[in-house]
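Listed in order, the protein sequences are those of chains A and B.
For the first sequence, position 106 (counting from the first letter as 1) is numbered 90 according to this note's numbering, and the numbering increases by one without interruption.
For the second sequence, position 13 (counting from the first letter as 1) is numbered -3 according to this note's numbering, and the numbering increases by one without interruption.
Positions of the beta carbon are idealized from the N, C-alpha and C atoms, including for glycine.
Only one structure is covered here, and it is reproduced in the block below.
Protein chains: 2
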Amino acid sequence: MSNAFVRHLSGYGHLDDTEKALLAGACRNLRELPAGAHLIREGDEPDPVFVILEGWACGYKILPDGGRQIISFMLPGDFCDIHIAILQAIDHSIMTLTKATVASLPRAEMEALIQARPMLTQAFWWSQLVDQSISRSWIVSMGRRKSVERVAHLMCELYIRMRNIGLASDHECRMPLTQLVLADALGLTPVHVNRVLRSLKAAKVMELSHGSLQILEPEKLAQIAGFDGNYLHERVHGFV
Amino acid sequence: MSNAFVRHLSGYGHLDDTEKALLAGACRNLRELPAGAHLIREGDEPDPVFVILEGWACGYKILPDGGRQIISFMLPGDFCDIHIAILQAIDHSIMTLTKATVASLPRAEMEALIQARPMLTQAFWWSQLVDQSISRSWIVSMGRRKSVERVAHLMCELYIRMRNIGLASDHECRMPLTQLVLADALGLTPVHVNRVLRSLKAAKVMELSHGSLQILEPEKLAQIAGFDGNYLHERVHGFV
DNA sequence: CGCTAGCTTGACAGCCATCAATTGGTGTGG
DNA sequence: CCACACCAATTGATGGCTGTCAAGCTAGCG
């Protein structure tokens, strides 16, 4: 009766059992996808709304010169651009980073839910606003943080997001990102990401290997990153 | 009976006269602000929704080290973060860049409009989605474009946005941004922005001086920028 | 046991930051 | 009308962070 999606939205508003059941029921159309599968490609006409139930995905854009910039990470429970359906064409692509199970909610059903349940509407809004807030925070990172700070900041963000959906504890969590993916997300080169990661490991601040993150010195990491989690607008705060 | 705000939203949905009148009527609470005035400061509790009727504003965040990163430009007709009211605290600041007149719509009135008029709801959504799309595009610029490309891309974006609200023509428009402001928006230093601007001028591609932009070779500028205006999701397309 | 994707390391180069100083334009006060 | 302050724009010199190129290395996997 509950899944990652329901739990995630519950964090954004006080949903009653009926609403939780409605959400869970909307997730009946499931797909198992391998890593590297596309949910949406740039230029597609939008129709269903996708929700990640298990696994990770990312949104990205390709530049004329072939370069790739990742613009968002999607974790279990996350929408893939709710309400993007209103626009005429998708302006970026979304692909899985791991094996993933994805629910596709028909647009009509989403709209019915919004009509029927104000509390769900609010939870959806909240979710979208948090996404927007994360985007803004990425702009700040890309514009004004150096490579070490940028890496540290992203690790803080992802750790907190994982913890908030119950997938992290003890400053440790799964982090299935190759250095190439990290580079494309951070606006760096894989080579440089590697160097930064090694330096953080050498300093015994954090370690990223075999697809999992271990934060050895949370306070130090947050300080390096200049991390202030407010932008995640979570009800539960705190990092250390 | 019409203002920049109404015209802007009309571009996002087919509003009838009643709806236009409702919007115009909502903008009765006006304020004249000088350049450099704050509409919202980080940490504020959100209440009214602000709309820029004349002049420019920008959203920004300050980093621990005192650096500033501008995360959005707001032009006449733009919302200042519609629906941010749902969150508990604002996570960034908004200030005017020029003398500006700003309308503040009480939150209750906004919600009443949404309840009463589905077409307005859709126009609001659209507007917010376009903002989000612009944020994503900024991430791409910051991450993967070099300084000249970044400057060129921003100029393309702002020119198109100005044109779409009827404030530009003949590849010329007002652009009241100091090189320091540009630097804070682009993640560069003022010194480097200056050099880039001079090189673009020397190449006779565009010229930015005395607060106005002149695009001498639109095609070349778009090519340098790798500009594809789709992300602005405008009904009227085309740059050249 | 070989293959392949991802990780690691070194050398070198270049873009952009930093520091410093000058110019120009505008508003203010004498 | 001029002196002055102040902000924005400009230019040069220098350095460092990060990109680029190239080559091994490791580990998982068929």
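Could you pull out every residue in the same chain whose Cβ sits closer than 6 Å to the Cβ of residue i, ignoring the five residues on either side in sequence?
i: A/H155; result: I199, P202
i: A/A169; result: I54
i: B/N148; result: E218
i: A/G171; result: M126
i: A/L(-7); result: A107
i: A/A48; result: Note that residue 48 of chain A corresponds to Pro in the displayed sequence, not to Ala. Excluding positions up to five away in sequence, the list is empty.
i: A/Y215; result: S117, S121
i: B/T105; result: I98
i: B/P90; result: P32
i: B/A204; result: According to the sequence shown, residue 204 of chain B is Lys rather than Ala. So the list reads V189, once near-sequence residues are dropped.
Against chain B, with Cβ distances strictly below 7 Å, would residue i count as a contact?
i: A/L104; result: no
i: A/D75; result: yes
i: A/Q53; result: yes
i: A/G20; result: no
i: A/G61; result: no
Would you say the beta carbon of residue i comes nearer than 6 Å to a heavy atom of the ligand MN?
i: A/S119; result: Absence of the ligand MN from the depicted structure is noted, as is the absence of any ligand whatsoever, leaving it without description.
According to DSSP, simplified to helix, strand and coil, what is residue i?
i: A/F108; result: helix
i: A/V35; result: strand
i: B/H155; result: coil
i: A/S183; result: helix
i: B/K83; result: coil
i: A/H176; result: helix
i: A/F63; result: strand
i: A/R(-9); result: helix
i: B/S(-14); result: coil
i: A/R52; result: strand
i: A/C11; result: coil
i: A/K45; result: strand
i: B/L170; result: helix
i: A/E29; result: coil
i: A/H22; result: strand
i: A/I78; result: strand
i: A/L205; result: helix
i: A/Q198; result: strand
i: A/L17; result: strand
i: B/E191; result: strand
Any beta carbon of chain A sitting closer than 7 Å to that of residue i?
i: B/Y(-4); result: no
i: B/L113; result: yes
i: B/G171; result: yes
Within a Cβ cutoff of 8 Å, which residues of the same chain sit near residue i, ignoring the five residues on either side of it in sequence?
i: A/H217; result: W110, L113, V114, S117
i: A/D75; result: E26, K45
i: B/S119; result: I55, S56
i: A/R52; result: Y44, K45, I46, D168
i: B/R12; result: A87
i: B/V165; result: C42, I54, L81
i: A/A(-12); result: I36, L37, E38, P60, G61, I149
Under 9 Å between beta-carbons, which chain B residues line up against residue i? List them in chain order, please.
i: A/K45; result: R120, S121, I123, V124, R128, Y215
Cα-Cα, which of the options is closest to residue i?
i: A/E38; options: A/S56, A/H22, A/T80; result: A/T80
i: A/L181; options: A/I24, A/P90, A/A136, A/R12; result: A/A136
i: A/V189; options: A/A206, A/V124, A/R179, A/A100; result: A/A206
i: B/G50; options: A/R128, A/L(-1), A/H194, A/F34; result: A/R128
i: A/L14; options: A/V86, A/W122, A/H(-2), A/P32; result: A/V86
i: B/F9; options: B/C140, B/V35, B/T82, B/F211; result: Checking the displayed sequence, the identity of residue 9 of chain B turns out to be Gly instead of Phe. Of B/C140, B/V35, B/T82, B/F211, the residue nearest in Cα terms is B/V35.
i: B/E16; options: B/H22, B/A(-12), B/S77, B/K83; result: B/K83
i: A/P174; options: A/P48, A/A100, A/S131; result: A/S131
i: B/D28; options: B/D65, B/G(-3), B/S77; result: B/S77
i: B/T162; options: B/A19, B/F63, B/L7, B/W122; result: B/A19
i: B/R(-9); options: B/A41, B/G61, B/P48; result: B/G61
Counting only Cβ pairs nearer than 7 Å, list the residues of chain A close to residue i.
i: B/P48; result: G210
i: B/S117; result: D75
Who are the near neighbours of residue i in its chain, counting only those whose CB is closer than 7 Å to its CB and skipping five residues on each side?
i: B/L236; result: Any answer about residue 236 of chain B is impossible in this case: the structure gives chain B only from -15 up to 224.
i: B/A152; result: Y143, M146
i: B/M159; result: L142, L192, G195, S196, L197
i: A/M94; result: V33
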